[in-house]
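**Q**
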Amino acid sequence: VWRSHCCWFLPLFVIVPLFVLLLLMRFPQYAALCILLVGSAGAGLYFVARKYPSWQRLMNARLDPVGMRRQRLWLVYGVMTLVLGGSLYDIFTDTEHWPFSPYPMYASVERYRSLKVLRAYGVTAGDMPGEIPLWEPHYLYPFDNSRLRAALTWMWGSARRKHWLADALEDILARYEQLRQASRHHGVSLQGIRLYRLSWRLDPWARNADQPDQRELLFEVVRPVGKER
Amino acid sequence: MPWLRRRWQEFWFAPASPTNLGVCRVLFFGGILLLYLAEDFSAWAGVSRVFWRPIWLFTSLHLPILPGPAIIVMQVIWKVALWCSCIGLLTRPSTMTSFGLGVYLMGLPHNFGKTHHYDTVVVLVLGIMALSRCGDGWSADRLIRVVRRGIDLSARPLTLSGEYTWPIRMVWLVLALIYFAAGVSKVRHGGLEWIVSDNMAIMLIQHQYHIANDEPLTTWGLYVAQYGWLSQFLAAATVVFETSYALALFSRRARWVIVPAMLSVQAGIRILMGPTFGSFLVCMLFWIPWEHVGDRLATWLSRGRKHMLLFDGGCGLCQGTVAVIHSLDLLRRIELCDAFNRWPEIAARFPHLDQGACLEDMHLITATGQVYTGFEAYRRLAWILPLGWIALPLLYLPGVRPIGQWVYRIVASRRQSSCPLPPV
Numbered sequence: 343v344w345r346s347h348c349c350w351f352l353p354l355f356v357i358v359p360l361f362v363l364l365l366l367m368r369f370p371q372y373a374a375l376c377i378l379l380v381g382s383a384g385a386g387l388y389f390v391a392r393k394y395p396s397w398q399r400l401m402n403a404r405l406d407p408v409g410m411r412r413q414r415l416w417l418v419y420g421v422m423t424l425v426l427g428g429s430l431y432d433i434f435t436d437t438e439h440w441p442f443s444p445y446p447m448y449a450s451v452e453r454y455r456s457l458k459v460l461r462a463y464g465v466t467a468g469d470m471p472g473e474i475p476l477w478e479p480h481y482l483y484p485f486d487n488s489r490l491r492a493a494l495t496w497m498w499g500s501a502r503r504k505h506w507l508a509d510a511l512e513d514i515l516a517r518y519e520q521l522r523q524a525s526r527h528h529g530v531s532l533q534g535i536r537l538y539r540l541s542w543r544l545d546p547w548a549r550n551a552d553q554p555d556q557r558e559l560l561f562e563v564v565r566p567v568g569k570e571r
Numbered sequence: 052m053p054w055l056r057r058r059w060q061e062f063w064f065a066p067a068s069p070t071n072l073g074v075c076r077v078l079f080f081g082g083i084l085l086l087y088l089a090e091d092f093s094a095w096a097g098v099s100r101v102f103w104r105p106i107w108l109f110t111s112l113h114l115p116i117l118p119g120p121a122i123i124v125m126q127v128i129w130k131v132a133l134w135c136s137c138i139g140l141l142t143r144p145s146t147m148t149s150f151g152l153g154v155y156l157m158g159l160p161h162n163f164g165k166t167h168h169y170d171t172v173v174v175l176v177l178g179i180m181a182l183s184r185c186g187d188g189w190s191a192d193r194l195i196r197v198v199r200r201g202i203d204l205s206a207r208p209l210t211l212s213g214e215y216t217w218p219i220r221m222v223w224l225v226l227a228l229i230y231f232a233a234g235v236s237k238v239r240h241g242g243l244e245w246i247v248s249d250n251m252a253i254m255l256i257q258h259q260y261h262i263a264n265d266e267p268l269t270t271w272g273l274y275v276a277q278y279g280w281l282s283q284f285l286a287a288a289t290v291v292f293e294t295s296y297a298l299a300l301f302s303r304r305a306r307w308v309i310v311p312a313m314l315s316v317q318a319g320i321r322i323l324m325g326p327t328f329g330s331f332l333v334c335m336l337f338w339i340p341w342e343h344v345g346d347r348l349a350t351w352l353s354r355g356r357k358h359m360l361l362f363d364g365g366c367g368l369c370q371g372t373v374a375v376i377h378s379l380d381l382l383r384r385i386e387l388c389d390a391f392n393r394w395p396e397i398a399a400r401f402p403h404l405d406q407g408a409c410l411e412d413m414h415l416i417t418a419t420g421q422v423y424t425g426f427e428a429y430r431r432l433a434w435i436l437p438l439g440w441i442a443l444p445l446l447y448l449p450g451v452r453p454i455g456q457w458v459y460r461i462v463a464s465r466r467q468s469s470c471p472l473p474p475v
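Just so you know, the sequences run in chain order Z and L. Here my numbering is used: the first residue of the first sequence is 343, the next is one more, and so on. Here my numbering is used: the first residue of the second sequence is 52, the next is one more, and so on.
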C-alpha cells in the first residue's frame, strides 16, 4: 500500500505532524489526546486502504489505455457537481459562500454624482497636531483601503459601535506605529486616529479628490500627549 | 442522445497528451507564487478580534485564527508547495498541500470586514489541479522517471488520455461560472439602468477618489466618463461578455472573441478603476492550446533543420543523460542518434567522424555542421534547450570552462565502472 499509494499519504505525513507540533506548543495539556487522534486516524487510513483498494484508485488514477476508470470518472463528476452546484446555488440565492459567490462587485447602480465614504485620518504627534488621510495600503497593512472601509462602516452601523470603534481605531493606530518603526512605511508619527464621514460632489475631473466638501467627525481615539510612541 | 453523449465525452474526456496540462500547471502555480510571494498572512493574527466576522467556511469548520508563528510556518510550506507544484516535484503531494493550506491562508483575510473575490478562482483551480494528473508532463517528476527508466528511441508511444483534458475543461467551467455570476448580479441589481444610465461614468469618476484597493493606473477613466455614450458602451460590453462567457466553452469561434474581450475588461478595470484581478489573468492561460503553440514555435525555430546529438547507446549513464536532454528539448530541435547501434547511418552522413571518439565523448553536430564535443557540447546544448538558457550565464563565467572539462573528463573516464550496463 505504501509503495503504490505513498503520494496520497504523503501530505498527511507532512502536514498532520506539523499541526500536531504547533498544537502541542500552544496547548501542551492536550498532547496525549492529539497523539491518540492522529495515531488512530493514520492507522484507520492505512487499514481502509488495505481493505478497500478501490478507494485508493480515486486518487491513484493509473492511466488506462481503454479509458478512465470508473472511480476516477465518479470523482470528476463529483468535482463537477460541487463546482456547478456551489456556483449556481450562490448565483440564484444571491448569497456568499466563499470560495463560491454571486460576484456582486460593482453590481449596484450609482445614480448620483456624489460620494460618501468613511475614512480614517491619522492625528500627527507633536505640538501642532495635524491630520493625514490613511488610505494608502502600506499604512494599513494587512488591511487594504476597501476592506478597512467596509469593516468600519459595518461597525458604525452597529449598536455597539462605541466599544467596537474604540478597539478598531486603537488597533489601526498601534499597527501603523509598528509598521512605521519597522520601516515598512515612512509616514509621520501619530498620536491618534479619527474616523470621518467624507462627502463629495463629484467633479468631472476629480479635482477635489483630496478636498471633500464635508467632513463629519464620527469617532476618535487620541493618546494623551507624551504617550505616543 | 448518442450525439449529445459523444459531444459530452469529447468535451470532457477527449484523449490528449500531458503537455497542455503540464504547461498550464507550470504557468498557473508559477503565476500564483509570484502574486503571493510578498504576501504575509501572519499579519492577520495580530489584528484585533473586533474586526473578526468569520465567513461561512471558517464558521462551519470552526477554523480559528492560528497564532502568528503557526501562520508563518503554514505560509512557508504553502509557498514551497506552490514552487514544487510549479516545477512538478512530488506533484501530487505538493498540489494537495497547495490546495489544503491555500484554502485557509487565502480565506483568512476575508474574515476581517469584507469578502473580496479576486482569489476564489485560485482556490477552485488549486483544488482541480490537486485531483488531476498535472505532473505527468513538463515536470521534475517526469524527468526523474525518465532518468530511472532511460530512453528507448525505437519506441516512444505518446500517452493520450482524458485525464489530461478534464482539468482544463473544469477550469474553463469555473471561469465561465464566475463571469456569468458577475453578469447576472449586474442585471439583477441594476437591470437595464446599469447600462443606459450614467452609472459607469459615475463609477469611473468615483474611483479617482481613493476608494479602491489600488489606485487606477491612469486618469483615462475621467476622459471616458466625459462621453456618456462611451461609458454606456463599456457597460453594455461588460454585461454582454460576462453573461455570454459560457459560449466560449462550446464554440471555438466565440472563444476567439469572448476570452480576449474579458481579458480586456479585466485590464480595463485595472487601468481605469484600480482593482487588480491578477489571478484571473493567470487562470485565463488555461484557454491557450499550448501544445499547438509549442508545435508551431518548434517548426518555426527549426525550419526543417535539426541539431544532432551522438551518444553511446551501450552505456546506461549516457542513456539516462540523453533521456533528460530529450525531455528538456521542448522545441524538438535535437535529433538523437545512437553512435553504438546506428554507426553505419552516421558514418554515411558524417564520414569525417570517428566512432571511437563518438563513443568516448558526446558529440553535438549543429544544424550548420559545426561539431562540439564533451563539455563544449553541453555548453552548446544550453543555447538550444529553453531551460538551458537559465544556466547560460553560469556556463560562461571565467574558470567554468576548464572546471567543466575537468569534471566531464573524470565522469567520462569512470563511465565504464559506474555504468549500470555491462562493458561493450
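Positions of the beta carbon are idealized from the N, C-alpha and C atoms, including for glycine.
#1: Could you name the residues of chain L that ALA548 (chain Z) contacts, counting a contact when the two beta carbons are closer than 7 Å?
#2: Using only the heavy atoms of the ligand FAD, determine whether one of them is closer than 7 Å to the beta carbon of ARG306 (chain L).
#3: Tell me the residue span of the alpha helix (DSSP H) that contains SER236 (chain L).
#4: Once the 5 residues before and after PHE328 (chain L) are set aside, which same chain residues still bring their CB inside 8 Å of it?
#5: Kindly indicate if chain L contains any beta-carbon less than 8 Å away from that of TYR445 (chain Z).
#6: Mind checking who VAL422 (chain L) pairs with in its DSSP beta bridge?
#7: Check whether the Cβ atoms of VAL465 (chain Z) and LEU511 (chain Z) lie closer than 8 Å to each other.
#8: Give a yes or no on whether the minimum CB-CB distance between GLU519 (chain Z) and chain L is below 8 Å.
#9: Tell me which residues share the same chain as ALA191 (chain L) and place their Cβ nearer than 7 Å to its Cβ, disregarding the 5 neighbours each side in the sequence.
#10: Per DSSP, which residues does CYS388 (chain L) bridge with? Please list them.
#11: Do you know how far the Cα of ILE441 (chain L) is from the Cα of MET422 (chain Z)?
#12: If TYR274 (chain L) and LEU72 (chain L) are in contact, beta carbons under 8 Å, what's the gap, nearest whole angstrom?
#13: My assumption, with CB atoms under 8 Å, is that PRO326 (chain L) sits in contact with ALA263 (chain L). Please give the rounded CB distance.
#14: Could you check the C-alpha separation between SER500 (chain Z) and TYR445 (chain Z) for me, to the nearest Å?
#15: How many angstroms separate the CA atom of MET157 (chain L) from the CA atom of LEU86 (chain L)?
#16: Any beta carbon from chain L within less than 8 Å of ALA403 (chain Z)'s own beta carbon?
#17: Taking Cβ positions only, does ASN71 (chain L) come closer than 8 Å to chain Z?
#18: Where does GLN456 (chain L) land, buried or exposed, given buried means 16+ other C-beta within 10 angstroms?
#19: Closer than 7 Å by beta-carbon distance: list the chain B residues that pair up with LYS165 (chain L), in chain order.
#20: Quick one: residues in its chain with C-beta nearer than 7 Å to the C-beta of ILE123 (chain L), no 5 flanking neighbours on either side, listed in chain order?
#21: Hey, is GLY241 (chain L)'s beta-carbon within less than 8 Å of any beta-carbon in chain Z?
#22: Run down chain L in chain order and give the residues with a C-beta less than 7 Å from the C-beta of ASP509 (chain Z).
#23: Pick out whichever of L:ILE339, L:TRP338, L:ALA288 has its Cα sitting closest to the Cα of SER315 (chain L).
#24: Let me check understanding here. Comparing Cα to Cα, which of L:HIS113, L:ASP91, L:VAL101, L:PHE109 lies closest to ALA498 (chain L)?
#25: What does TYR463 (chain Z) reach in chain L if we use C-beta pairs closer than 9 Å?
#26: What span of residues does the beta strand (DSSP E) with GLU558 (chain Z) cover, start to end?
#27: Mind pulling the alpha helix (DSSP H) runs of 4 or more residues that sit fully within the region 100-168 of chain L?
#28: For PHE442 (chain Z), which of helix, strand or coil comes out of DSSP?
#29: Is there a Cβ from chain Z that is less than 8 Å from the Cβ of SER68 (chain L)?
#30: If you count every other CB in all the chains shown that lies within 10 Å of the CB of GLN60 (chain L), and 16 or more means buried, which is it?
#31: So for PRO475 (chain Z), helix, strand or coil by DSSP?
#32: I believe ASP363 (chain L) touches LEU404 (chain L) by the beta-carbon criterion, under 8 Å. Please report the beta-carbon distance rounded to the nearest angstrom.
#33: Between the C-alpha atoms of ALA65 (chain L) and ALA551 (chain Z), what's the straight-line distance to the nearest angstrom?
#34: Would TRP434 (chain L) pass as a contact of GLY213 (chain L) if the rule is Cβ separation under 8 Å?
#35: Quick one: does LYS130 (chain L) have its CB under 8 Å from some CB of chain Z?
#36: If you measure from the beta carbon of TRP134 (chain L) to each beta carbon in chain Z, is any gap under 8 Å?
**A** Taking the structure as given:
#1: Those are ILE256, GLN259, TYR260, LEU273, listed as they occur along chain L.
#2: As presented, the structure is devoid of all ligands, the ligand FAD included, so that no description of it is given.
#3: The continuous alpha helix (DSSP H) containing SER236 (chain L) extends over residues 217-241.
#4: Cβ within range, chain order: TYR169, GLN317, ILE320, ARG321.
#5: Residue contact check for TYR445 (chain Z) against chain L: a CB pair falls below 8 Å.
#6: BP columns for VAL422 (chain L) point to L:ILE416.
#7: VAL465 (chain Z) places its beta carbon 8 Å or farther from that of LEU511 (chain Z).
#8: No - not a single Cβ of chain L is within 8 Å of the one on GLU519 (chain Z).
#9: So the list reads ILE138, GLY139, LEU140, once near-sequence residues are dropped.
#10: Partner(s): L:LEU361.
#11: Whole-angstrom Cα-Cα distance: 39 Å.
#12: With a contact defined as Cβ atoms closer than 8 Å, TYR274 (chain L) and LEU72 (chain L) miss out at about 43 Å.
#13: Rounded, the Cβ-Cβ distance is 5 Å, consistent with contact.
#14: Roughly 25 Å separates the two Cα atoms.
#15: Cα-Cα distance, rounded: 12 Å.
#16: Caution applies to ALA403 (chain Z), whose pLDDT of 49 falls short of 50 and renders its modelled position unreliable; the model cannot decide the point.
#17: Not an interface residue.
#18: Around the beta-carbon of GLN456 (chain L), fewer than 16 other beta-carbon atoms lie within 10 Å, marking it exposed.
#19: This model lacks chain B altogether; the protein chains it does include are Z and L.
#20: So the qualifying residues of the chain are SER93.
#21: Answer yes: the Cβ-Cβ gap between GLY241 (chain L) and chain Z drops below 8 Å somewhere.
#22: Going along chain L in sequence order, the residues near ASP509 (chain Z) (Cβ under 7 Å) are SER99, VAL101.
#23: Answer by Cα proximity: L:ALA288.
#24: The question about residue 498 (chain L) has no answer, for chain L in this structure spans 52 to 475.
#25: Simply none; closest approach about 12 Å.
#26: GLU558 (chain Z): member of the beta strand (DSSP E) spanning 556-564, first to last residue.
#27: Listed in chain order, the complete alpha helix (DSSP H) runs (minimum 4 residues) inside the region 100-168 of chain L are 107-111, 119-138, 142-158.
#28: Residue state, collapsed to three classes: strand.
#29: With 8 Å as the cut-off, SER68 (chain L) does not count as an interface residue toward chain Z.
#30: In summary, GLN60 (chain L) is exposed, with fewer than 16 beta-carbon neighbours lying within 10 Å of its beta-carbon over all protein chains present.
#31: The answer is strand: DSSP assigns PRO475 (chain Z) an E or B state.
#32: For a cut-off of 8 Å, the C-beta gap from ASP363 (chain L) to LEU404 (chain L) is around 13 Å, too long to register as a contact.
#33: Straight-line Cα distance between these residues: approximately 55 Å.
#34: No, the pair does not count as a contact, with Cβ atoms beyond the cut-off.
#35: Not one chain Z Cβ lies under 8 Å of LYS130 (chain L).
#36: Taking Cβ atoms only, chain Z never reaches closer than 8 Å to TRP134 (chain L), which makes this a no.
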